[in-house]
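One structure below.
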Amino acid sequence: MPTDLCLREIAIYDKDKILKFESPAISLVEMIEEFYNISTESIIGEIYTEHFAEKLLNLMKDKTPELYKGYMADIELINDLSAKYNVNLEKILDPGGNTYITLKSSIRDKDMKGVANIIKEGLKAFEEYCTRKKGKLFQNVIMDLEDPLEQIDKWLVLIKNIYLNNKQYNYPYIELSNTHDNPYKAPYIRFTIENKREINSIIILQNKSYILSILTKEERFDEHLVKAIKADNFKISIEGSQLKFERKFAQLHDIISWLNKALPNILL
6 MPTDLCLREI
16 AIYDKDKILK
26 FESPAISLVE
36 MIEEFYNIST
46 ESIIGEIYTE
56 HFAEKLLNLM
66 KDKTPELYKG
76 YMADIELIND
86 LSAKYNVNLE
96 KILDPGGNTY
106 ITLKSSIRDK
116 DMKGVANIIK
126 EGLKAFEEYC
136 TRKKGKLFQN
146 VIMDLEDPLE
156 QIDKWLVLIK
166 NIYLNNKQYN
176 YPYIELSNTH
186 DNPYKAPYIR
196 FTIENKREIN
206 SIIILQNKSY
216 ILSILTKEER
226 FDEHLVKAIK
236 ADNFKISIEG
246 SQLKFERKFA
256 QLHDIISWLN
266 KALPNILL
């Protein structure tokens with residue numbers, strides 16, 4: 006069974022050199038009103054103010070003690086996992102009443118090998134959190150998507166290989182979901198790596214086939230590169246101001262193999 010990571014993105018902010026994991030956000034306001042049929046009218050006028058989160062927690066404590074107890078138990082679990090894996094997991098409740106889990110780590114003095122190791126430890130922490138989390142919102146794993154833990158590990162190998170060849174790239178951005186609860190309404194991994202060509206690679210699972218889309222600004226590709234990719238049976242179209250190359254693959258590891266072979270040549 007694939008691992009339910011309940012994870013929305015792994016992003017590296019190049020300017021601040023901060024690695025960040027983030028889970029999907031859950032609206033506590035909607036949960037209180039829809040699942041518990043409790044009105045938030047008494048506090049909703051203060052939404053997006055600095056005191057709203059505190060007022061929302063007080064409302065939960067008073068009107069939905071079961072939800073409040075679960076929220077506090079979540080914080081305790083997160084603190085335990087932070088200590089166990091030596092990472093900084095944190096449960097956020099924002100001024101809009103949305104709650105989510107983050108993990109932040111400075112990578113200012115890290116090379117790609119060090120970054121990959123931090124990502125792996127972060128994934129272990131998220132995996133254990135999502136495995137131990139019993140809420141219904143985390144039980145919608147899609148069985149026909151290969152385990153994202155294994156696939157992310159392959160992405161990290163790819164990233165390290167590219168960095169060994171050329172140091173001019175920004176750090177990568179990985180967005181993923183192995184559930185239907187995302188904008189694509191399907192399990193997917195989106196991997197972005199940028200240099201002067203600004204290439205986005207997107208993988209989506211659709212009807213048990215994997216679709217690889219490569220998008221880049223039209224002027225970044227010369228005629229020879231377009232012909233080379235088209236020769237690999239990619240369909241070519243224009244999407245806005247970008248060229249889009251798209252092809253179906255039977256297995257995700259086939260995409261990884263193609264990218265390992267092709268991406269460094271395309272990006273250099």
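So the working numbering is basically just the index in the sequence shown, starting at one, shifted up by 5. C-beta atoms are modelled at their ideal positions from N, C-alpha and C, and glycine is treated no differently.
Under the three-state DSSP convention, the category residue i falls into
i, result
"A16", "strand"
"V242", "The question names Val, but residue 242 is Ser in the sequence shown. In this structure, S242 counts as strand in the three-state DSSP scheme."
"S262", "helix"
"I52", "coil"
"I43", "coil"
"A277", "An answer regarding residue 277 cannot be provided, because it is not within the stretch 6 to 273 covered by the chain."
"T136", "helix"
"N91", "coil"
"D237", "coil"
"I190", "Here residue 190 is Lys; the residue named in the question, Ile, does not match the sequence. Three-state result, K190: coil."
Sheet register partners of residue i (DSSP bridge)
i, result
"I219", "S206, F250"
"K109", "K25"
"N103", "S32"
"R195", "E180, I207"
"L98", "T104"
Contacting residues, own chain, Cβ-Cβ under 7 Å from residue i (five flanking each side not counted)
i, result
"I45", "Note on residue identity: the sequence assigns Thr, not Ile, to residue 45. V34, I37, E38, L64, listed in sequence order."
"G140", "Low local confidence applies: a pLDDT of 46 at G140 is under 50, so the model's placement there is unreliable, and no value is given."
Check: residue i C-beta below 6 Å from any heavy atom of the ligand SAH
i, result
"R195", "As for the ligand SAH, it is missing from this structure, which has no ligand bound."
Length of the line joining the Cα atoms of residue i and residue j
i, j, result
"Q256", "S214", "7 Å"
"G180", "R252", "It should be noted that the sequence gives Glu, not Gly, for residue 180. Each residue's alpha carbon lies about 20 Å from the other."
"V231", "I261", "20 Å"
"D99", "I207", "29 Å"
"I106", "L94", "7 Å"
"F26", "K235", "35 Å"
"F250", "F239", "6 Å"
"I219", "D259", "15 Å"
"K115", "A121", "10 Å"
"I43", "K68", "7 Å"
"I124", "D85", "18 Å"
"T104", "A58", "10 Å"
"D21", "Y134", "27 Å"
Proximal residues to residue i (C-beta, below 8 Å), its chain only, five neighbours per side dropped
i, result
"D79", "K96, K138"
"I23", "I17, K109, S110, S111, I112"
Nonlocal neighbours in the same chain, by C-beta distance under 6 Å from residue i, ignoring five residues either side
i, result
"T136", "none"
"Y41", "T69"
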